[in-house]
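The end of the sequence shown is residue 312 by the working numbering, with every number in the run present.
Scroll down for the structure; my scribbles are underneath it.
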Amino acid sequence: MKDNDWKKRLGMVYSTNPDFAFTTDDDINDEPIATLPPERQRLRLQLEKSGRAGKTVTVIKGFTGSDDDLRSLSRELKKRLCTGGAEKDGQILIQGDVRQRLLPLLRTLGYTDSK
198 MKDNDWKKRL GMVYSTNPDF AFTTDDDIND EPIATLPPER QRLRLQLEKS
248 GRAGKTVTVI KGFTGSDDDL RSLSRELKKR LCTGGAEKDG QILIQGDVRQ
298 RLLPLLRTLG YTDSK
């Protein structure tokens, strides 16, 4: 079945330019995001319990970079903390309340602006 993207073009003004190429926000966001160096990252640690059946999760927010770099940082943190976790929506989820152990570990990895 043909992909019909007429909903993406709602509100578009007609153009008489023969070289006009319509682009959507999805097309613009396909560019890879450059990963900032660790000393320029602003990581925030947060403890969450809601929506997780009462289980405690430490959430690391504020990472700016590619998904591969986020995945490698998450893998390194989980390995050093000996715990499980996941990466979702640009955040790192680590099982349990590990904020006290996580903050010095992030500082040794070069993430100095972490709270």
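Where is the CB? At the ideal position from N, CA and C, for every residue including glycine.
May I ask you to report which of helix, strand or coil DSSP gives residue i?
| i | result |
| --- | --- |
| R304 | helix |
| S329 | Only positions 198 to 312 of the chain appear in this structure, which leaves residue 329 out of reach. |
| K258 | strand |
| R237 | helix |
| R296 | helix |
| K275 | helix |
Report the CB separation of residue i from residue j in whole angstroms; it is logged as a contact under 8 Å.
| i | j | result |
| --- | --- | --- |
| V295 | L278 | 6 Å |
| L299 | V254 | Wrong, their Cβ atoms sit about 12 Å apart, outside the cutoff. |
Less than 8 Å between the C-beta atoms of residue i and residue j, yes or no?
| i | j | result |
| --- | --- | --- |
| G259 | R239 | yes |
| Q297 | G281 | no |
| P233 | G262 | In the sequence as presented, Pro is not what sits at residue 233; that position holds Leu. Yes. Within cutoff. |
| P235 | G287 | no |
| L274 | L242 | no |
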